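Below is one structure; the comments refer to it alone.
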Amino acid sequence: MKITVLVDNNTLIDNYFEGEPALSFFIEEEGKKVLFDTGYSGLFLKNAALMEIDPAGLDYVVLSHGHLDHTWGLTELIKYYTNREFQEKKVNKPTLLCHPLALTPTIFENTTHIGNIINDEVFKNYFAPNLTTEPFWITENLVFLGEIPRKLEFETTKAIGDKQNPNGDVIPDKMSDDSALVWCSDEGIVIITGCSHAGICNITEYAKKVCKKDTIIDIIGGFHLLSASRQQLRNTAEYLYQRNVKDIHPCHCTDLEAKIFLSGYCNVREVGVGSTFHF
């Protein structure tokens, strides 16, 4: 498996790509091309072009959850596909894989849209939706986790805004749509996260259960540790240490204080736009 960082908050020295407070990864695994999140804007397309990655050949677009810094780039991807069609160039119709609630609108403080803004009919024109709460295997070794059970009390999720569920009811959005990808091998698992609203430790526990493996090779992505309490940082760090997680690549929604704290328990590795990881 190969992971290329198309969008992150950070960029790397001597890699002259652009960043934004968002996330997008390009994953290649067993002949499948997977776009994991699309960032906030069309920046992922610009960086992909510089990296000679063509989104016209995607097999899957996977959404970690519905927030704007992970999904609003979909609008630009649709524009890109439309432009190619006008030029009579080939475009795959990728599977859009996510939790059902990832595509429902989210309103913050009664006025601001912070979730998906594309309607279902447009999605169906450009993608083949696969909305699931259950684990879905993209390849023999790469799985989308679906809805993450939340069992650890120190990772209790606070609602961010309100969401309209499929029944039409407006409920506090505790981001039950938040999910992740996991790559499984004989040596262990690699967890790929978007924002970890479900809790990075909850995600890890479920990943181990789904893949039936206890060895964690690496965790790459957002850990959702922004201005976290000292107790939450300690609980998270001790959890990772006790499970012998040696290498982590926290990015996007993980602040400097959290990275410094976690570095006392795990090897915290650098991440930025243009980073590539091979497993």
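Note that the sequence shown covers residues 5 to 283 in this note's numbering. Think of the CB as a built atom: it goes at the ideal place given N, C-alpha and C, for glycine as much as any other residue. It should be emphasised that the depicted structure is a prediction, and the values quoted were computed from it without experimental measurement.
S28 and K212 have their C-alpha atoms spaced approximately 24 Å apart.
Restricting attention to N169, G77, P153 and N129, the CA atom closest to the CA of T110 is found in N169.
Around the Cβ of A184, a 10 Å sphere holds 16 or more other Cβ atoms; the residue is buried.
A buried status is given to V249, since no fewer than 16 other beta-carbon atoms sit within 10 Å of its beta-carbon.
Here T8 is bridged, per DSSP, to F30 and T280.
The residues A52, in chain order, have a CB closer than 8 Å to that of D58 in the same chain once the five nearest residues on each side in sequence are set aside. Under the three-state reduction of DSSP, N51 is assigned to helix. Note that the stretch 133-149 touches the stretch 33-48; at least 3 beta-carbon pairs, one per stretch, sit closer than 8 Å.
Looking at the DSSP output, H117 shares a beta bridge with I111.
Burial is judged here by how many other beta carbons sit within 10 angstroms of a residue's own beta carbon; T160 has fewer than 16 and is exposed. In this structure, the beta-carbon distance from C257 to C199 falls below 8 Å. Distance from the CA atom of A202 to the CA atom of T99, rounded to whole angstroms, is 24 Å. Counting C-beta atoms within 10 angstroms of its own C-beta, E209 has 16 or more neighbours from the protein chains shown and is therefore classed as buried. Between F131 and G165 a beta carbon distance of about 25 Å is seen, past the 8 Å cut, so the two are scored as non-contacting.
Shown here, K36 sits in a strand according to DSSP, grouped into three states. The alpha-carbon of E56 is positioned some 10 Å away from that of L49. A direct Cα-to-Cα measurement between L81 and I224 gives close to 24 Å. Looking at the DSSP output, W187 bridges to L146 and V194.
In the structure shown, the three-state DSSP call for L156 is coil. For D173, there is no enclosing beta strand (DSSP E), since its DSSP letter is neither H nor E.
Per the C-alpha coordinates, the member of F227, D251 and Q235 positioned closest to T219 is D251. The Cβ neighbour count for D190, taken over all protein chains shown within 10 Å, is under 16; the residue is labelled exposed. Cβ-Cβ distances below 8 Å link K263 to P254 and V272 in the same chain, with the five nearest sequence neighbours on each side left out; the list follows chain order. F127 sits away from V66, with the two beta carbons spaced by 8 Å or more.
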